[in-house]
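Taking it in order: structure first as structure tokens, then the write-up.
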Amino acid sequence: MLVPLHSFKLLFGIHMDNSIYVTLSKELALFKDLDVVANNVANTNTTGFNSEHLLFNTYMTKDINQGQRNNMAFAYNSATYRNMENGGLRTTGNDLDVGIVGDGYFILDTPLGDRYTRAGNFQIDGAGILVNSEGYPVVDATGQHITLPENVITIQIGEAGNIKVNGEDFGAIGIAQFDNPQLLERLSGTMFKSEIQPQPGENFRIAQGMLENSNVQAVAELTHMIKLNHTVADTDKFIETMYDLERKTSNTWTQQS
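Numbering-wise, this note's numbering comes out as the position in the sequence shown, counting from 1, plus 3.
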């Protein structure tokens, strides 16, 4: 049975366009996923880093070329979420390195307001203030900077964050806790901000002389990246094939007209 050329064009030309659009939506989502995975891999050795993962979804839309009879499913990335599992602790032997086991974040005082991090690689600046690696003061349990005396011989930091300097009590490191830490906005690898006021930390303990590793599973992320690259290559081939078919169909139609 011969199919009229105009029917062939309608059957294949329009559907090929739609196939390309749907496939492109998938490819854009794949590119976003690749960006997320690449960032995870780049932060494999970043202290206190939480890996991110992409949430995919689809939405249905009417195919207007088919008289509202058919739906098309487009892919899109709706959001990312963080892996909230603690990274393992590594021993550094530095008294100013502290890791959090359990929930909570260290509080940093910045010019733009409080910021939150799980990276506890601290140091003492020229004014005797306990700061993070970027120079932002670490906040104590009362919301104040932790300013250490000049004659520091020993610093002990207990599991509750309490500080002893030369054997004398010297306040405590502030720990913030959030009902839903997924709502924190990542500003950099390990620094976050929140529009929601945190609560004082409860479900945690502090480990002095240790730092929290990144929780990135490097092998799993690299394996996922390889699969994504293969899928992108396959979708590129599909799109190229569909364009070739469309061009051939168009040329045939022009020659027959």
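No residue lacks a Cβ here, since even glycine has one placed at the ideal position from N, Cα and C.
If you're wondering where the values come from, they're calculated on a predicted model, not measured in any experiment.
A direct Cα-Cα distance of roughly 14 Å separates Thr83 from Asn183. For Glu224, the number of other beta carbons within 10 angstroms of its own is at least 16, and it is reported as buried.
Ranked by Cα distance from Asp106, the first of Ala221, Arg118, Gln126, Ile178 is Ile178. Going by C-alpha positions, Gln126 is about 22 Å away from Asn46. Its chain contains Gly51, Tyr108, Phe109, Leu111, Asn135, Thr193, Met194, Phe195 as the residues whose beta carbon lies nearer than 8 Å to that of Thr120, once the 5 sequence neighbours on both sides are disregarded; these appear in chain order. Straight through space, the alpha carbons of Ser191 and Gly164 are spaced by roughly 25 Å.
A distance below 8 Å separates the beta carbons of Gly212 and Gly96. Here Asp128 has Val134, Gly138 as same chain residues with Cβ atoms under 7 Å from its own Cβ, once five neighbours each way along the sequence are excluded. The closest CA to that of Thr113, considering only Leu186, Val101, Pro140, Ile158, is found on Pro140. In this structure, DSSP gives Thr49 a state outside helix and strand, which the three-state scheme calls coil. Taken atom to atom, the span from the alpha-carbon of Leu99 to that of Lys240 is near 54 Å. With a contact defined as Cβ atoms closer than 8 Å, Ile149 and Ile132 qualify at about 7 Å. Note on geometry: alpha-carbon atoms of Val155 and Ile199 lie some 36 Å from one another. In the same chain as Ala210, and ignoring 5 residues on each side of it, the C-beta atoms closer than 7 Å to its own belong to Leu92, Val101, Gly102, Val104, in chain order. When only Cα atoms are considered, Asn53 and Asn218 end up about 6 Å apart.
In this structure, the beta-carbon distance from Leu37 to Leu231 falls below 8 Å. DSSP places Glu243 in the helix class (H, G or I) of the three-state scheme.
DSSP places Gln185 within a helical segment (H, G or I) once states are collapsed to three.
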